[in-house]
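Asks: Let me give you the structure first, and then I'll get to my questions.
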Amino acid sequence: DSGVTQTPKHLITATGQRVTLRCSPRSGDLSVYWYQQSLDQGLQFLIHYYNGEERAKGNILERFSAQQFPDLHSELNLSSLELGDSALYFCASSPPPRVSYGYTFGSGTRLTVV
Amino acid sequence: DQQVKQNSPSLSVQEGRISILNCDYTNSMFDYFLWYKKYPAEGPTFLISISSIKDKNEDGRFTVFLNKSAKHLSLHIVPSQPGDSAVYFCAASARRSGGYQKVTFGTGTKLQVIP
């Protein structure tokens, strides 16, 4: 157990639908990062939150949004889903800046859009 | 633009031999490099890292080498064990304003260690 919890582990939904992926960071970590891993692709950075504030955006589609709540858990919302959105979505957390460069990843949510 | 490249999608090595995984990067602002290991159905786990001020870092069977002039790093696993079979991601980090790190990952190399 890495200490980063992602739910659900698996999700199957139809095109056009909306889903919410949840992430609870490791205790003490203030940063949450979301990554997407499609088939045969690397980890594509989506978005970074630090202590409730958005810090950076990567290749995140406008149909996707995220937020980090006061208790530091984060949710990634995916809407108007398309077949190409099928992927593994990972959340990672890290301690405050200037402390460590290491990320701790959750076990991911496998999203299948049919 | 793929700033961190792992050109070998897969690698097979005999148990007991050396595994060498390679990674190239293009962004000269990267100042910290990491390797992550990923088993199926699990998230990536941190393996070993190296700062840009060093050219070698060793941790047990794992050694990372950094060649800044060539913008190249490699991970050596000696001796390789069947349990090392996994996907290995190379990653590079650059400081952003405020000290926040931005980590860019490569596409991964799937290592198979054959008993």
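Quick mapping for you: the protein sequence lines, in order, are chains A and B. Mapping of the first sequence onto this note's numbering: position 65 corresponds to residue 49, and the numbering continues sequentially without gaps. For any residue, its number in this note's numbering is found by taking its place in the second sequence, counting from 1, and adding 14. We treat Cβ as the ideally placed atom computed from N, Cα and C, and that holds for glycine. Quantities reported herein were computed from a predicted structural model and do not represent experimental measurements.
Between the Cα of residue 54 of chain A and the Cα atoms of A:71, A:-5, A:15, A:20, which residue gives the shortest distance?
Replies: The shortest Cα separation from residue 54 of chain A among A:71, A:-5, A:15, A:20 belongs to A:15.
Asks: Can you say whether residue 3 of chain B is buried or exposed, counting buried as having 16 or more other CB atoms within 10 angstroms of its CB?
Replies: Outside the shown range of chain B, which is 15 to 129, sits residue 3 of chain B, and nothing can be said about it.
Asks: Taking contact to mean 3 or more Cβ pairs, one atom from each stretch, closer than 8 Å, check whether the segment 22 to 30 of chain A and the segment 1 to 12 of chain A are in contact.
Replies: These segments do not touch.
Asks: Would you give the residue range spanned by the beta strand (DSSP E) that residue 53 of chain A belongs to?
Replies: No beta strand (DSSP E) contains residue 53 of chain A, which DSSP labels as neither H nor E.
Asks: With contact counted as at least three CB pairs below 8 Å, one residue from each stretch, are the segment 86 to 94 of chain B and the segment 21 to 36 of chain B in contact?
Replies: The answer is yes - the segment 21 to 36 of chain B touches the segment 86 to 94 of chain B, with three or more Cβ pairs under 8 Å.
Asks: Would you kindly check if the distance between the Cβ of residue 37 of chain A and the Cβ of residue 50 of chain A is under 9 Å?
Replies: No, the Cβ-Cβ distance between residue 50 of chain A and residue 37 of chain A is not below 9 Å.
Asks: With a threshold of 9 Å between beta-carbons, can residue 116 of chain B be considered close to chain A, or not?
Replies: Yes - at least one Cβ of chain A is within 9 Å of the one on residue 116 of chain B.
Asks: Please classify residue 73 of chain B: does DSSP put it in a helix, a strand, or coil?
Replies: Three-state result, residue 73 of chain B: strand.
Asks: Would you mind giving the Cβ-Cβ distance between residue 64 of chain B and residue 78 of chain B, rounded to the nearest angstrom? I have them listed as a contact below 8 Å.
Replies: That pair is a contact at about 5 Å.
Asks: With distances taken between CB atoms, is the gap from residue 41 of chain B to residue 20 of chain B smaller than 9 Å?
Replies: The answer is no: Cβ separation not under 9 Å.
Asks: Just the chain A side, please: which residues come within less than 7 Å of residue 120 of chain B by C-beta, in chain order?
Replies: What residue 120 of chain B touches in chain A: 26.
Asks: Under a Cβ-count criterion, where at least 16 other Cβ atoms within 10 Å of its own Cβ denotes burial, should residue -7 of chain A be classed as buried or exposed?
Replies: Exposed: under 16 other Cβ atoms inside 10 Å.
Asks: Can you name the residues of chain B whose CB is closer than 7 Å to the CB of residue 92 of chain A?
Replies: Under the 7 Å cutoff, chain B gives 57.
Asks: Roughly how many angstroms lie between the CA atoms of residue 87 of chain B and residue 81 of chain B, to the nearest whole one?
Replies: Whole-angstrom Cα-Cα distance: 6 Å.
Asks: Please tell me whether residue -10 of chain A has its Cβ less than 9 Å away from any Cβ of chain B.
Replies: Judged by the 9 Å Cβ criterion, residue -10 of chain A is in contact with chain B.
Asks: Looking only at its own chain, which residues have a Cβ that is under 7 Å from the Cβ of residue 61 of chain B, when we skip the five neighbours before and after it?
Replies: Only 49, 50, 51, 76 meet the Cβ criterion.
Asks: What does a CB cutoff of less than 6 Å around residue 17 of chain A pick up in its chain, not counting 5 residues either side in sequence?
Replies: So the list reads 32, 76, once near-sequence residues are dropped.
Asks: Is the Cβ-Cβ distance between residue -11 of chain A and residue 68 of chain A less than 9 Å?
Replies: No.
Asks: In chain A, which residues lie less than 8 Å from residue 103 of chain B when you measure between Cβ atoms?
Replies: Those within 8 Å of residue 103 of chain B in chain A are 26, 27.
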